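Chemist:
Protein chains: 2
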Amino acid sequence: MTKVSFDRQPTSFDVARKAGVSRSAVSRAFTPGASISADTRDKVIEAANALGYRVNELAKGLSSKRSSLVGVIVADMDTPFRAAQINALTQELVANGYHPILFTADGPVETARTLNQLLHYSLSGAVVTSDAPPSEICIECARLGVPLVLINKEDKLPTVDRVVGDNDHGGALAARELIASGCTDLIVVRPRRESYSMETRIRGFSAAARAEGLEATIVEAGPQTYDGGRQSVPALMQRTITPATGLFCPMDFMALGMLDGLRTDHGLTPPRDLCLVGYDDIPQTAWQPYRLTTIRQPTVPMAEAAVSMLIARIDSPTTPQRTSVVPVELIKRDTTR
Amino acid sequence: MTKVSFDRQPTSFDVARKAGVSRSAVSRAFTPGASISADTRDKVIEAANALGYRVNELAKGLSSKRSSLVGVIVADMDTPFRAAQINALTQELVANGYHPILFTADGPVETARTLNQLLHYSLSGAVVTSDAPPSEICIECARLGVPLVLINKEDKLPTVDRVVGDNDHGGALAARELIASGCTDLIVVRPRRESYSMETRIRGFSAAARAEGLEATIVEAGPQTYDGGRQSVPALMQRTITPATGLFCPMDFMALGMLDGLRTDHGLTPPRDLCLVGYDDIPQTAWQPYRLTTIRQPTVPMAEAAVSMLIARIDSPTTPQRTSVVPVELIKRDTTR
DNA sequence: CGCCCGACTCAGATCGTTTTCAGCCCCGGC
DNA sequence: GCCGGGGCTGAAAACGATCTGAGTCGGGCG
Numbered sequence: 001m002t003k004v005s006f007d008r009q010p011t012s013f014d015v016a017r018k019a020g021v022s023r024s025a026v027s028r029a030f031t032p033g034a035s036i037s038a039d040t041r042d043k044v045i046e047a048a049n050a051l052g053y054r055v056n057e058l059a060k061g062l063s064s065k066r067s068s069l070v071g072v073i074v075a076d077m078d079t080p081f082r083a084a085q086i087n088a089l090t091q092e093l094v095a096n097g098y099h100p101i102l103f104t105a106d107g108p109v110e111t112a113r114t115l116n117q118l119l120h121y122s123l124s125g126a127v128v129t130s131d132a133p134p135s136e137i138c139i140e141c142a143r144l145g146v147p148l149v150l151i152n153k154e155d156k157l158p159t160v161d162r163v164v165g166d167n168d169h170g171g172a173l174a175a176r177e178l179i180a181s182g183c184t185d186l187i188v189v190r191p192r193r194e195s196y197s198m199e200t201r202i203r204g205f206s207a208a209a210r211a212e213g214l215e216a217t218i219v220e221a222g223p224q225t226y227d228g229g230r231q232s233v234p235a236l237m238q239r240t241i242t243p244a245t246g247l248f249c250p251m252d253f254m255a256l257g258m259l260d261g262l263r264t265d266h267g268l269t270p271p272r273d274l275c276l277v278g279y280d281d282i283p284q285t286a287w288q289p290y291r292l293t294t295i296r297q298p299t300v301p302m303a304e305a306a307v308s309m310l311i312a313r314i315d316s317p318t319t320p321q322r323t324s325v326v327p328v329e330l331i332k333r334d335t336t337r
Numbered sequence: 001m002t003k004v005s006f007d008r009q010p011t012s013f014d015v016a017r018k019a020g021v022s023r024s025a026v027s028r029a030f031t032p033g034a035s036i037s038a039d040t041r042d043k044v045i046e047a048a049n050a051l052g053y054r055v056n057e058l059a060k061g062l063s064s065k066r067s068s069l070v071g072v073i074v075a076d077m078d079t080p081f082r083a084a085q086i087n088a089l090t091q092e093l094v095a096n097g098y099h100p101i102l103f104t105a106d107g108p109v110e111t112a113r114t115l116n117q118l119l120h121y122s123l124s125g126a127v128v129t130s131d132a133p134p135s136e137i138c139i140e141c142a143r144l145g146v147p148l149v150l151i152n153k154e155d156k157l158p159t160v161d162r163v164v165g166d167n168d169h170g171g172a173l174a175a176r177e178l179i180a181s182g183c184t185d186l187i188v189v190r191p192r193r194e195s196y197s198m199e200t201r202i203r204g205f206s207a208a209a210r211a212e213g214l215e216a217t218i219v220e221a222g223p224q225t226y227d228g229g230r231q232s233v234p235a236l237m238q239r240t241i242t243p244a245t246g247l248f249c250p251m252d253f254m255a256l257g258m259l260d261g262l263r264t265d266h267g268l269t270p271p272r273d274l275c276l277v278g279y280d281d282i283p284q285t286a287w288q289p290y291r292l293t294t295i296r297q298p299t300v301p302m303a304e305a306a307v308s309m310l311i312a313r314i315d316s317p318t319t320p321q322r323t324s325v326v327p328v329e330l331i332k333r334d335t336t337r
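Chains as they are written, first to last, in this note's numbering: chain A, 1 to 337; chain B, 1 to 337.
#1: Please state the DSSP three-state secondary structure of A:Cys138.
#2: How should A:Lys3 be labelled, buried or exposed, when 16 other C-beta atoms within 10 angstroms of its C-beta is the threshold for buried?
#3: Note down, in chain order, every chain A residue with its Cβ under 7 Å from the Cβ of B:Leu102.
#4: Which residue or residues does DSSP assign as beta-bridge partners of B:Gly282?
#5: Determine whether the beta carbon atoms of A:Asp280 and A:Asp260 lie at a separation below 8 Å.
#6: In the stretch 34–56 of chain B, which residues sit with their C-beta less than 7 Å from some C-beta in chain A, listed in chain order?
#7: Quick check on the DSSP output: the beta strand (DSSP E) that includes A:Thr318 runs from which residue to which?
#8: Any chance you could list the beta strand (DSSP E) runs of at least 3 consecutive residues sitting entirely within the stretch 258–309 of chain B, in chain order?
#9: Run the CB neighbour count on A:Phe109, radius 10 Å, all protein chains shown included, and call it buried at 16 or more, exposed below.
#10: Taking three-plus beta-carbon pairs below 8 Å as touching, is the stretch 237–245 of chain A in contact with the stretch 182–190 of chain A?
#11: What span of residues does the beta strand (DSSP E) with B:Ala126 cover, start to end?
#12: Whole angstroms is fine: what's the gap from A:Thr319's alpha carbon to A:Val307's?
#13: For B:Val74, name the three-state secondary structure that DSSP assigns.
#14: Just checking: is the beta-carbon of A:Arg17 within a distance shorter than 8 Å of some beta-carbon in chain B?
#15: I want to see whether chain B comes within less than 8 Å of A:Thr86, judged by CB atoms only; does it?
#16: Count the other CB atoms within 10 Å of the CB of A:Glu177; is the residue buried (16 or more) or exposed (fewer)?
#17: Is the closest heavy atom of the ligand NAP to the C-beta of A:Arg23 under 7 Å?
#18: If contact means a Cβ-Cβ distance below 9 Å, which residues of the stretch 248–263 of chain A contact chain B?
#19: Can you list, in chain order, the residues of its chain whose CB lies under 8 Å from that of B:Ile45, leaving out five sequence neighbours each side?
#20: What are the start and end residues of the beta strand (DSSP E) that includes B:Val219?
#21: Span of the alpha helix (DSSP H) holding B:Thr114?
#22: Roughly how many angstroms separate the alpha carbons of B:Glu92 and B:Ala303, rounded to a whole number?
#23: Suppose you measure from the CA of A:Arg322 to the CA of A:Arg143; what does that come to, to the nearest Å?
#24: Grab me the residues of B:Ile139's own chain with a C-beta within less than 8 Å of its C-beta, minus the 5 sequence neighbours each way, in chain order.
#25: For B:Arg337, which residues from the same chain have a beta carbon less than 7 Å from its beta carbon, with the 5 sequence-adjacent residues on both sides left out?
#26: I need the DSSP call for B:Ile36, collapsed to helix, strand or coil.
#27: Please list, in chain order, the residues of the stretch 55–73 of chain A that have any C-beta partner in chain B closer than 8 Å.
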């Protein structure tokens with residue numbers, strides 16, 4: 001560990017001296033809406049620019065007890081939908097003057113651990129898209145005044161806000177599209193690991209099917225990945241597949257794997273031999289070999305909703321818990337008729 | 001803006017009082033390697049646990065003039081390769097006790113603006129995988145003692161470390177694979193926007209081709225996306241494509257678009273009608289419809305290299321600039337013979 | 001002319017750490 | 001018996017901002 005000295009960042013004191021004002025004036029010059037004359041502000045800004053002054057966010061956060069950092073906790077970051085989600089979230093946060101500090105977490109326990117780490121910074125808030133953290137830590141966040149927004153997670157606590165896609169309606173859209181394609185034998189693929197989104201999508205699907213007098217069969221499948229989808233095909237083949245078969249896989253990433261499995265290993269090509277609807281509308285669904293009919297869950301509006309809820313709660317922490325439901329949309333491509 | 005009061009986080013003072021020691025002792029108890037007796041440490045830790053004490057990272061950073069935050073600047077975050085890269089980087093940083101603060105930036109200018117913002121935090125360092133920032137800001141970082149690591153960027157400055165894939169060798173591997181497949185008419189696709197990686201890969205390819213007595217033709221193509229790849233196919237069709245045509249697209253994401261364009265719009269299927277090699281080994285290349293032969297640029301080792309260089313420079317800031325070259329590997333699939 | 005109010009400014013306390021410095025205790029060596 | 005030094009500890013000074021309370025200065029109004 002060698003010792004080296006670097007040029008010090010100029011402080012508000014340096015700027016104050018150069019501009020011939022007090023440190024408070026410097027602070028006010030950089031605080032929108034503070035009580036300061038245009039004259040003084042200009043002097044300060046000029047001096048600041050000349051010196052290359054940067055407000056020290058750490059000191060700012062320490063003294064105001066709130067940093068402009070926002071925790072973002074994600075799972076499966078390298079998955080197409082998640083990647084798009086983080087991208088949207090990051091941009092939206094930065095656009096609103098916040099800075100995302102990013103963590104990955106695999107289960108609820110690790111999410112809690114991560115959230116705990118995040119609380120070492122005086123966060124403005126946190127967005128969780130991995131797993132719903134245990135209520136204990138959520139309450140802790142509320143106690144400390146750190147707003148929490150969960151994306152696509154179940155409603156468990158009165159202290160956390162939520163953004164969800166309209167899973168119920170999405171499932172229904174899928175069911176109706178399959179029925180409109182002439183499918184009477186409806187099958188739903190349920191990924192191995194349970195999750196709120198999958199369950200609600202499937203529920204919406206089943207309900208809509210029932211409304212049309214059809215009972216959807218549920219088939220247990222593999223993990224939520226491309227390979228998981230592909231590996232789930234054999235289980236599917238236990239049933240007889242006919243052109244009247246309508247398959248709903250509530251996650252595109254898996255659906256693409258299934259599609260490849262169906263075609264390659266069993267010579268079954270939608271929409272001729274069966275129909276297939278996915279969920280999410282990841283970019284790959286539009287690629288030539290797939291052209292999958294799917295339900296679009298728009299990442300940008302969801303990110304906007306999440307950030308705006310976060311900001312709303314920062315501004316008025318006592319408002320009752322809110323859930324923002326983001327509309328979804330059927331994207332009809334070539335795997336339905 | 002309503003006012004609400006929350007429970008205060010306990011401070012080192014609270015812990016100190018409870019444990020019957022001084023604040024300094026508390027600080028030392030949480031500083032590995034500090035001069036403190038096991039006895040005192042245990043007392044402190046116990047008191048800390050009882051109170052739910054968390055070290056305030058902001059205060060810590062302010063006082064020690066160095067936070068455990070590391071800036072990560074990325075472009076095209078929702079692209080498969082980039083997503084994998086951020087994922088690896090995040091995990092590696094966290095594993096080493098650092099916390100990534102994430103930004104997106106589109107060009108060098110925006111990267112500079114972002115880096116500037118990041119300097120408001122007393123960063124431990126920054127990793128840039130978007131565009132190489134202007135040297136001005138790099139020098140500023142060096143002046144302030146903030147180590148910078150560029151991934152897959154050109155070597156311009158003596159003050160920044162770099163991690164690069166072995167692009168030269170990767171290009172050569174691609175060329176040799178095509179030649180081994182019996183291709184004598186070598187074509188390289190050059191994406192519209194120039195970038196260091198693309199250029200060096202192409203250079204490596206051309207050099208290896210020339211070593212075998214073949215001259216590679218360069219075709220200008222579209223942007224670095226799936227659609228960009230697909231749209232580049234017509235330009236390619238200006239030339240006569242034969243089974244002896246060996247195509248090198250130095251980016252998988254584009255290559256997949258090209259592959260789809262070639263097959264769908266022109267009925268050309270590798271490896272029968274031509275050969276194709278990509279670069280990066282994004283997950284989709286292994287998917288059934290593609291099975292693209294490609295050069296694997298391993299994200300995890302690159303992330304490890306980046307973080308370890310960062311740490312090395314934090315520990316000893318004066319060591320000379322280093323460049324870490326990460327080996328690449330040919331992944332032979334079904335688009336070559 | 002006096003008073004008050006609003007707009008602005010400044011000094012100084014504060015935020016929660018780390019870090020320096022001085023001091024204590026105890027042990028071993030001379 | 002004295003001295004030196006290593007281990008450990010606590011008091012207090014940074015660190016670089018915000019924020020509060022006190023004060024100044026004009027200007028409008030009675």
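We put the CB at the ideal spot given by N, CA and C, even for glycine. What you are looking at is a predicted structure, and each value in this text was computed from that prediction instead of being measured.
Modeler: Answer, in terms of the structure:
#1: Reduced to three states, the DSSP call for A:Cys138 is helix.
#2: Here A:Lys3 scores only 49 on pLDDT, less than 50, and its place in the model is too uncertain to base an answer on.
#3: Those are Thr90, Pro100 and Leu102, listed as they occur along chain A.
#4: Note that residue 282 of chain B is Ile in the sequence shown, not Gly. B:Ile282 has no beta-bridge partner at all, per DSSP.
#5: For A:Asp280 and A:Asp260, no; Cβs fall outside 8 Å.
#6: The stretch 34–56 of chain B vs chain A, Cβ under 7 Å: Arg54, Val55 and Asn56.
#7: No beta strand (DSSP E) contains A:Thr318, which DSSP labels as neither H nor E.
#8: Qualifying beta strand (DSSP E) stretches, in chain order: 275–277 and 294–296.
#9: One point to set straight first is that residue 109 of chain A is Val, not Phe, in the sequence displayed. So A:Val109 counts as exposed.
#10: Contact holds: three or more Cβ-Cβ distances are below 8 Å.
#11: Unbroken beta strand (DSSP E) run through B:Ala126: Gly125 to Val128.
#12: Looking at the backbone, the Cα of A:Thr319 and that of A:Val307 are separated by about 16 Å.
#13: B:Val74: strand per DSSP, three-state reduction.
#14: So, not an interface residue.
#15: Looking at the sequence provided, one finds Ile at residue 86 of chain A rather than Thr. At least one C-beta of chain B is nearer than 8 Å to the C-beta of A:Ile86.
#16: Around the beta-carbon of A:Glu177, 16 or more other beta-carbon atoms lie within 10 Å, marking it buried.
#17: Within the structure as shown, the ligand NAP is missing, as the structure has no ligands at all.
#18: Result list: Leu256, Gly257, Leu259, Asp260, Gly261 and Arg263.
#19: So the qualifying residues of the chain are Ala29.
#20: It spans Thr217 to Glu220 - the beta strand (DSSP E) in which B:Val219 sits, taken as one unbroken run.
#21: Per DSSP, the continuous alpha helix (DSSP H) segment holding B:Thr114 begins and ends at Pro108 to Leu118.
#22: The alpha-carbon atoms of B:Glu92 and B:Ala303 are separated by roughly 7 Å.
#23: Taking the straight line joining both Cα atoms gives about 18 Å.
#24: These residues qualify, in order along the chain: Leu157 and Thr159.
#25: If we look at B:Arg337 and ignore the five residues flanking it on each side, its Cβ neighbours are Ser181, Gly182, Pro271 and Cys275.
#26: Coil, per DSSP.
#27: Within the stretch 55–73 of chain A, Val55, Asn56, Glu57, Leu58, Ala59, Gly61, Leu62, Ser67, Leu69 and Val72 place their CB atoms closer than 8 Å to a CB of chain B, listed in sequence order.
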